[in-house]
Amino acid sequence: MTHEAAHPVAYTPQQTWFARNRSLLIRHGVIWFFMLIILAPLAWVLLLSVKSLPDSMRGQLWPRKFDFTHYGYVLGKIETLPQNLFNSIYVTGATVIITTLCAVLAGYALVHLRPFGRAVIFTALLLSLYFPTRVVAIISIYELQDSLGLINSTTGLILPYVTLNLAISVLIMRAVFQLVPHEVIESARLDGAGVWKTLWFIGLPLVRNGLVVVLIVNFVTAWGEFLLGSTLTNDQEARTMPVVLAAAQGGMGQWAWPRIAAVYVIVVTPGLIAFAFAQKLFFKGLAEGVVKG
Amino acid sequence: MQRPHTSATARHLKDNLGTWVFLLPTLLFFVGYQVYPIFRVVWISFTNYEFLSNDPAQWVGFGNYVEALNDPLMWDSLWRAAYFTMMFLPGTIIFPMILAILVDRVQQPKLQTLYRIVLLIPALIPSTLVFVLWKWMYNYQVGPINYLLVDVFGIFTYQNAPQWLGGTALTLPSIAVMEVWWGLGYHAIFFLAGLAAIPKEMIEAARLDGANEWKVFWHITLPRLAPIMMILVVLRFGTSMAVIDEYLIFGGFNRASPTYTWTMFMYDQAFNIGLWRQGFAAAIGMIGAVVMIFFVGILLYIFRPRG
Numbered sequence: 001m002t003h004e005a006a007h008p009v010a011y012t013p014q015q016t017w018f019a020r021n022r023s024l025l026i027r028h029g030v031i032w033f034f035m036l037i038i039l040a041p042l043a044w045v046l047l048l049s050v051k052s053l054p055d056s057m058r059g060q061l062w063p064r065k066f067d068f069t070h071y072g073y074v075l076g077k078i079e080t081l082p083q084n085l086f087n088s089i090y091v092t093g094a095t096v097i098i099t100t101l102c103a104v105l106a107g108y109a110l111v112h113l114r115p116f117g118r119a120v121i122f123t124a125l126l127l128s129l130y131f132p133t134r135v136v137a138i139i140s141i142y143e144l145q146d147s148l149g150l151i152n153s154t155t156g157l158i159l160p161y162v163t164l165n166l167a168i169s170v171l172i173m174r175a176v177f178q179l180v181p182h183e184v185i186e187s188a189r190l191d192g193a194g195v196w197k198t199l200w201f202i203g204l205p206l207v208r209n210g211l212v213v214v215l216i217v218n219f220v221t222a223w224g225e226f227l228l229g230s231t232l233t234n235d236q237e238a239r240t241m242p243v244v245l246a247a248a249q250g251g252m253g254q255w256a257w258p259r260i261a262a263v264y265v266i267v268v269t270p271g272l273i274a275f276a277f278a279q280k281l282f283f284k285g286l287a288e289g290v291v292k293g
Numbered sequence: 001m002q003r004p005h006t007s008a009t010a011r012h013l014k015d016n017l018g019t020w021v022f023l024l025p026t027l028l029f030f031v032g033y034q035v036y037p038i039f040r041v042v043w044i045s046f047t048n049y050e051f052l053s054n055d056p057a058q059w060v061g062f063g064n065y066v067e068a069l070n071d072p073l074m075w076d077s078l079w080r081a082a083y084f085t086m087m088f089l090p091g092t093i094i095f096p097m098i099l100a101i102l103v104d105r106v107q108q109p110k111l112q113t114l115y116r117i118v119l120l121i122p123a124l125i126p127s128t129l130v131f132v133l134w135k136w137m138y139n140y141q142v143g144p145i146n147y148l149l150v151d152v153f154g155i156f157t158y159q160n161a162p163q164w165l166g167g168t169a170l171t172l173p174s175i176a177v178m179e180v181w182w183g184l185g186y187h188a189i190f191f192l193a194g195l196a197a198i199p200k201e202m203i204e205a206a207r208l209d210g211a212n213e214w215k216v217f218w219h220i221t222l223p224r225l226a227p228i229m230m231i232l233v234v235l236r237f238g239t240s241m242a243v244i245d246e247y248l249i250f251g252g253f254n255r256a257s258p259t260y261t262w263t264m265f266m267y268d269q270a271f272n273i274g275l276w277r278q279g280f281a282a283a284i285g286m287i288g289a290v291v292m293i294f295f296v297g298i299l300l301y302i303f304r305p306r307g
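Chains as they are written, first to last, in UniProt numbering: chain A, 1 to 293; chain B, 1 to 307.
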């Protein structure tokens, strides 16, 4: 319900268009101001990545000369970069797949198979959200990884990464599976479909939106994780992109500003593209699983 | 079929076991990397455990806790975390709420969708990439913020241009601004969901009764948004008291820096100094966590659902 509609005013023809639409203009003006603040840093880094080297040192926002070669340079000339990029893709991919599988199975079981002790599991998962485990327990996680021989192992990162969002993922899947009527699952079972078939062909398509939320939330966390990544690995070759980027000091040579900006754009783009495709499902899932759950 | 009772029980048991197969992967990870590390770190906090030392750890009771609580740095570092939270929390609630109320009134569906997509973009940028981006934004050499302040508006000169990061007095406010930016859209999406649940007739009726914008906001919109606001306050209070990545990236291990909070104190002791006094570090971490959870508990009590 808009302001205008609630206050029907008899407009006189003398009033200008601006006077009549004043509140509308102010509203959109303020919204666009916020939008500008949100987008400006990203636009700036994108612009920086295509500036010529001298222009990048001059400070002006708009470059005199564009240079699009930085992307090719960083992928070809910085030796460890392809390895770091691969590490990130590998660790994030594995984390997303494992966490999502765990969450789908557990969410489904908690709602539709109703195992003994489910209330205890639910409470434990919920309580864990309030405890800063990643920060406080980093000492014991380091010890655990050390005893498993996983310090400085890229693969080893996957284990603690899975738990970063496991509890919230299970709770989201539980919330969206609760929207699936129990009769739908029951009738599939009575028709002779096994537990797994029911989950795969009947359950999963119905919780598609929540699944997208879980996938994206896990992707974003794992793709950007810094604390565990930098604590549990030492060698540049074993590290993931966020750790490399956080340590990079802009300056000359390999890490000249436009070049590290190009690395940045390469790292940040995949998530935004994935979201652009899944945007509709994501908003629906957010409403089903997070806001109501 | 001679003893149906037993076979039913057996089937029930088998069903339950089959169900637990679904929960097993989650439980393995949850117990292994969440429950066990917490109990383990509590145990470590009562020992003189040093990671790089060859001597076995000895039980020292509350020794580490006494030492930490007698260290002024413990209290300073807790206060720094609280100071950051006080700067960050109001901004990350109020701005998204204003933005959500404005966007909620946009009538054109296409514009609505466009605004919502833009709102969610910062939330999709992984944490460290947000920090790195703002580290460059605040940079005194190429950063656009100082470029605007010095070259465009001429408020400062190159000599007295503010140094935002690196442990100056401006570092915590700078991080707070960045965090507000990060949550701006995401929190607005939460508020938009709350606004969508307010019956339009209610607002219309209030307007017909002569309520102005301010009264509608104060008596209808705000009470309806209160539950969402409380969830955000509790969640963000917890995350902002336990910030560490930002301080590692922006501040470094200078004990006098405002970014040297209890999390940094813990990390420094556990992974940087001497033989890595992880027993002492664990006690610092537990004190920080207990203080944090104590205040979360108070917040939850204040915001408890009332009949």
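Glycine is no exception: its CB is placed at the ideal position from the N, C-alpha and C atoms. Just so you know, these numbers come straight off a predicted model, no measurement behind them.
Inset, instruction - Please go through the same chain and pick out, in chain order, the residues whose beta-carbon is closer than 8 Å to the beta-carbon of A:P63, but skip the five residues on each side of it. - result: Counting from one through the first sequence, the residue named residue 63 of chain A turns up at place 63. Same-chain partners within the cutoff: L47, V50, K51, S52, D55 and S56.
Inset, instruction - Can you grab the Cα-Cα spacing for the pair B:T261 / B:P109, in whole Å? - result: Here residue 261 of chain B corresponds to residue number 261 of the second sequence, with the count starting at 1. Here residue 109 of chain B corresponds to residue number 109 of the second sequence, with the count starting at 1. When rounded, the distance between both Cα atoms is 45 Å.
Legend entry - Test item: CB-CB of B:V290 and A:A137 under 7 Å: Numbered from its first residue, the second sequence carries residue 290 of chain B at position 290. Numbered from its first residue, the first sequence carries residue 137 of chain A at position 137. Not closer than 7 Å, so no.
Legend entry - Boundaries (first-last residue) of the alpha helix (DSSP H) holding A:R58: Taking the first sequence and counting its residues from 1, the one referred to as residue 58 of chain A is at position 58. Unbroken alpha helix (DSSP H) run through A:R58: L53 to R58.
Legend entry - Reference B:S45, options B:F294, B:A283, B:G297 and B:G274, closest by Cα: As a position in the second sequence, residue 45 of chain B is number 45, starting the count at 1. With distances taken between Cα atoms, B:S45 lies closest to B:A283.
Legend entry - Candidates B:F131, B:F271 and B:G185, of which the one nearest A:V243 by Cα: Along the first sequence, one-based indexing puts residue 243 of chain A at 243. Comparing Cα positions, the closest option is B:F131.
Inset, instruction - Give the residues of chain B in contact with A:S140, contact being defined as C-beta atoms less than 7 Å apart. - result: Along the first sequence, read from residue 1 onward, the residue named residue 140 of chain A stands at position 140. Residues of chain B passing the Cβ test: P37, R40, V41 and I44.
Legend entry - Range covered by the alpha helix (DSSP H) that runs through A:A262: Numbered from its first residue, the first sequence carries residue 262 of chain A at position 262. Counting along the chain, the alpha helix (DSSP H) containing A:A262 begins and ends at W257 to G285.
Legend entry - Contact between the region 187 to 199 of chain B and the region 225 to 243 of chain B (3+ Cβ pairs under 8 Å): yes
Legend entry - Interface partners of B:L149 on chain A, CB under 8 Å: Here residue 149 of chain B corresponds to residue number 149 of the second sequence, with the count starting at 1. In chain order: nothing, as chain A lies at least about 12 Å away.
Inset, instruction - For the region 56 to 76 of chain B and the region 166 to 177 of chain A, state whether three or more C-beta atom pairs, one from each stretch, are separated by less than 8 Å. - result: no
Inset, instruction - Please determine if the region 22 to 42 of chain B and the region 93 to 113 of chain A are in contact, where contact requires at least 3 C-beta pairs separated by less than 8 Å. - result: yes
Inset, instruction - Could you tell me whether any Cβ in chain B is nearer than 7 Å to the Cβ of A:A6? - result: Here residue 6 of chain A is taken as the residue at index 6 of the first sequence, counted from 1. With a pLDDT of only 47 at A:A6, under 50, the local geometry of the prediction cannot be trusted, and the value read off the model is given with reservation. At least one chain B Cβ lies under 7 Å of A:A6.
Inset, instruction - Just the C-alpha distance for A:Q254 and A:F68, rounded to the nearest angstrom, thanks. - result: Position 254 of the first sequence, counted from the first residue, corresponds to residue 254 of chain A. Position 68 of the first sequence, counted from the first residue, corresponds to residue 68 of chain A. Rounded to the nearest angstrom, the two C-alpha atoms are 15 Å apart.
Inset, instruction - Could you work out which residues of chain A lie near B:T19, taking near to mean beta carbons separated by less than 7 Å? - result: Here the question's residue 19 of chain B lines up with position 19 in the second sequence. Those are A109, L113 and P115, listed as they occur along chain A.
Inset, instruction - Using a Cβ-Cβ cut-off of 7 Å, state whether A:T233 counts as contacting chain B. - result: Position 233 of the first sequence holds residue 233 of chain A. Output row for A:T233: interface = no.
Inset, instruction - Check whether the Cβ atoms of A:N218 and A:V91 lie closer than 7 Å to each other. - result: Working through the first sequence from its first residue, we reach residue 218 of chain A at position 218. Working through the first sequence from its first residue, we reach residue 91 of chain A at position 91. No, these two residues do not count as a Cβ contact at 7 Å.
Legend entry - Within chain A, partners of B:I117 - CB distance below 7 Å: Taking the first residue of the second sequence as position 1, residue 117 of chain B is located at position 117. Those are Q279, listed as they occur along chain A.
Inset, instruction - Output the boundary residues of the alpha helix (DSSP H) element that contains B:P144. - result: The residue you call residue 144 of chain B lines up with position 144 of the second sequence. That run of the alpha helix (DSSP H) goes P144 to Y147.
Inset, instruction - Below 6 Å CB to CB, which residues in the same chain sit around B:M266 once its five sequence neighbours on both sides are set aside? - result: Along the second sequence, read from residue 1 onward, the residue named residue 266 of chain B stands at position 266. A281, I284 and G285, listed in sequence order.
Legend entry - Classification of B:L111 by the beta-carbon crowding that lies within 10 angstroms, buried from 16 upward: In the second sequence, counting from the first residue as 1, residue 111 of chain B sits at position 111. It is exposed - the Cβ of B:L111 has fewer than 16 other Cβ atoms within 10 Å.
Inset, instruction - Answer yes or no: do B:P96 and B:A188 have a C-beta to C-beta separation smaller than 7 Å? - result: Taking the first residue of the second sequence as position 1, residue 96 of chain B is located at position 96. Taking the first residue of the second sequence as position 1, residue 188 of chain B is located at position 188. Yes, these two residues count as a Cβ contact at 7 Å.
Legend entry - Proximity test, Cβ basis, 7 Å: B:Y33 and chain A: Reading the second sequence from its first residue, position 33 is the one you call residue 33 of chain B. Taking Cβ atoms only, chain A reaches closer than 7 Å to B:Y33, which makes this a yes.
Legend entry - Neighbourhood of B:I302 by C-beta distance below 8 Å, restricted to the same chain and skipping five residues each side: The count along the second sequence starts at 1 and reaches residue 302 of chain B at position 302. So the list is empty, once near-sequence residues are dropped.
Legend entry - Residues of its chain near A:T231, where Cβ-Cβ distance is below 7 Å and the 5 sequence neighbours each way are ignored: To locate residue 231 of chain A, count along the first sequence from 1; it is residue 231. Answer for A:T231: I138 and Y142, listed in chain order.
Inset, instruction - Taking C-beta pairs closer than 7 Å, name the residues in chain A that B:F29 reaches, listed in chain order. - result: Taking the second sequence and counting its residues from 1, one reaches residue 29 of chain B at position 29. The answer, in chain order, is C102, V162, T163 and L166.
Legend entry - Counted within 10 angstroms of its Cβ, other Cβ atoms place A:P160 as buried (16 or more) or exposed: Position 160 of the first sequence, counted from the first residue, corresponds to residue 160 of chain A. So A:P160 ends up on the buried side.
Inset, instruction - Would you give the residue range spanned by the alpha helix (DSSP H) that B:P199 belongs to? - result: Counting from one through the second sequence, the residue named residue 199 of chain B turns up at place 199. Looking at the DSSP string, B:P199 is not in any alpha helix (DSSP H), and its letter there is neither H nor E.
Legend entry - Own chain residues within Cβ distance below 8 Å of B:I101, not counting five before or after: One-based indexing of the second sequence puts residue 101 of chain B at position 101. Counting only Cβ-Cβ distances below 8 Å, and skipping sequence neighbours, we find F191, L195, F217 and T221.
Legend entry - Buried or exposed (CB count within 10 angstroms, at least 16 for buried), A:L227: Reading the first sequence from its first residue, position 227 is the one you call residue 227 of chain A. Flag for A:L227 reads buried.
Inset, instruction - Could you have a look at B:W136 and say whether DSSP puts it in helix, strand or coil? - result: As a working note, residue 136 of chain B is residue 136 in the second sequence. Of the three classes helix, strand and coil, the one that applies to B:W136 here is helix, per DSSP.
Inset, instruction - Determine the contact status of B:G167 and B:N254, defining contact as a CB-CB distance below 7 Å. - result: Position 167 of the second sequence, counted from the start, is the residue given in the question as residue 167 of chain B. Position 254 of the second sequence, counted from the start, is the residue given in the question as residue 254 of chain B. Yes, they are a contact pair.
Legend entry - A:R114: first and last residue of the uninterrupted alpha helix (DSSP H) it sits in: Walking along the first sequence from the start, residue 114 of chain A turns up at place 114. Neither: A:R114 is in no alpha helix (DSSP H) and is coded neither H nor E.
Inset, instruction - Would you list, in chain order, the members of the region 46 to 69 of chain A that have their beta-carbon closer than 8 Å to a beta-carbon of chain B? - result: L48, S56, M57, G59, Q60 and L61
Inset, instruction - For my contact list, B:G185 and B:V118 are in at a C-beta cut-off of 8 Å; report their separation, rounded to the angstrom. - result: Taking the first residue of the second sequence as 1, we reach residue 185 of chain B at position 185. Taking the first residue of the second sequence as 1, we reach residue 118 of chain B at position 118. About 7 Å; that satisfies the 8 Å criterion.
Inset, instruction - Label B:L99 either buried or exposed according to how many other C-beta atoms from any shown protein chain fall within 10 Å of its C-beta, with 16 as the threshold for buried. - result: Numbered from 1 along the second sequence, position 99 holds the residue referred to as residue 99 of chain B. Buried: at least 16 other Cβ atoms inside 10 Å.
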